[in-house]
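Contents: one structure, followed by commentary.
So, in structure tokens, the structure goes:
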């Protein structure tokens, strides 16, 4: 699912309340923005590449940029997020059903975005990542779902990932197991190494800092847990396929 992809990051371009009546099928093409929408009411159907996806009330829909599709709907109300995506944004429409509990976050985001004061954008980005975190947890991939033997290490990882001196060996020590065994269990459960997961968390936080406009590359890298800004720039480019400077320019 889109919220589980470690190679993606987003910036908000707009947040909208949308209300439509019955519509004939509409063809959407040339979209340069990625969309995440919470469906308050009604049903929507999306057709692309021989695939049909249906979204009902209480669902979250994800539509990546650049995807052409047909849309057909009953009378509907939605809260729609237009996003600029970085990294891997995917090539398919995804629907997450039975997400009624997430509605207050979308409503809050709609209200905060409308304020337009100097802090509203940062608050909006915080709410966006809370939405993504909620979806992640709802999918069963939260820290509570990890094997109990490595849970202490995961708790330490979430608590100290911004610390530049955090080591994988410390995560293993917290679990009272060897580092080799911790790495093995971690990869079996998450499909990636602990170091990859650590870097992904740091990259996400660094992206938030860079997009805020208050921190330069060196400051953002240090606050996110990278002790060497040269390594940060190289690793950032490898991870997102663009430099931190290019990321900042796109964010602006």
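Numbering (the numbering used here), first residue to last: 207 to 458. A virtual CB, placed ideally from N, CA and C, is assigned to each residue, including glycine. Bear in mind that the values here come from a model prediction, so they are computed numbers and not experimental data.
A check of alpha carbon separations from residue 415 across 400, 404, 277 and 431 identifies 431 as the nearest. For the pair residue 341 and residue 209, the CB atoms are nearer than the 7 Å cut-off. Between residue 218 and residue 330, the C-beta gap is smaller than 7 Å, which places the two residues in contact.
Here residue 315 really is in contact with residue 221; their C-beta atoms are around 6 Å apart, less than 8 Å. Beta-bridge analysis with DSSP links residue 225 to 283. Secondary structure of residue 355 (DSSP, three-state): helix. Pairing residue 281 with residue 236 gives a Cβ-Cβ distance that is not under 7 Å.
Bounds of the beta strand (DSSP E) holding residue 267 are 266–269.
By the 16-neighbour rule on beta-carbons within 10 angstroms, residue 437 is exposed. By a beta-carbon distance limit of 8 Å, residue 250 does not contact residue 270. Their separation comes to about 16 Å.
Within the model, the alpha-carbon separation for residue 323 versus residue 274 is close to 35 Å.
Measuring C-alpha to C-alpha distances from residue 391 to each of 359, 417, 404 and 266 identifies 359 as the nearest.
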